[in-house]
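If you count by this note's numbering, then the sequence shown holds residues 1 to 67, one letter each, in order. By construction, the Cβ of each residue, glycine as well, lies at the ideal position given by its N, Cα and C atoms. Computed from a prediction, not measured in an experiment: that's the story for all the values here.
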Amino acid sequence: MGKNEVPIWEKYTLTVEEACAYFRIGEGKMRKMISEQPNADFILWNGTRPQIKRTIFEKYIDSLESI
1 MGKNEVPIWE KYTLTVEEAC AYFRIGEGKM RKMISEQPNA DFILWNGTRP QIKRTIFEKY
61 IDSLESI
């Protein structure tokens, strides 16, 4: 890890790829969740690129029984 790199578990937002690795969810499933709920609280749009708000998405995942 580089000198100025923030560990993934300390980041506020994650790219789709980082979120997939962190939460062990396939990219196709993650992108489907984003497209079905584009205004969800756990998504922050950076232009056309979705960023996943890590702690809010953790709470969302905790509320589900399956994905």
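Can you tell me where the beta strand (DSSP E) holding residue i begins and where it ends?
i         : result
lysine 53 : 49-53
Could you pull the start and end residues of the alpha helix (DSSP H) that residue i belongs to?
i             : result
isoleucine 34 : 27-36
alanine 21    : 16-23
Ordered along the chain, which non-local residues of its own chain (more than five positions away) have a Cβ less than 8 Å from that of residue i?
i            : result
glutamate 27 : Val16, Glu17 and Cys20
threonine 48 : none
Looking only at its chain, what residues have a beta carbon closer than 6 Å to the beta carbon of residue i, apart from the 5 residues adjacent to it on each side?
i                : result
phenylalanine 57 : Phe42
threonine 13     : Leu44, Gln51 and Lys53
For residue i, which beta-bridge partners are listed by DSSP?
i             : result
asparagine 46 : Arg49
Rounded to whole angstroms, how far is the Cβ of residue i from the Cβ of residue j, which I believe are closer than 8 Å?
i           : j            : result
tyrosine 22 : isoleucine 8 : 6 Å
Within the same chain, show all residues whose beta-carbon is closer than 7 Å to that of residue i, passing over the 5 residues directly before and after it, in chain order.
i             : result
methionine 30 : Val16, Ala19 and Cys20
lysine 11     : Arg54
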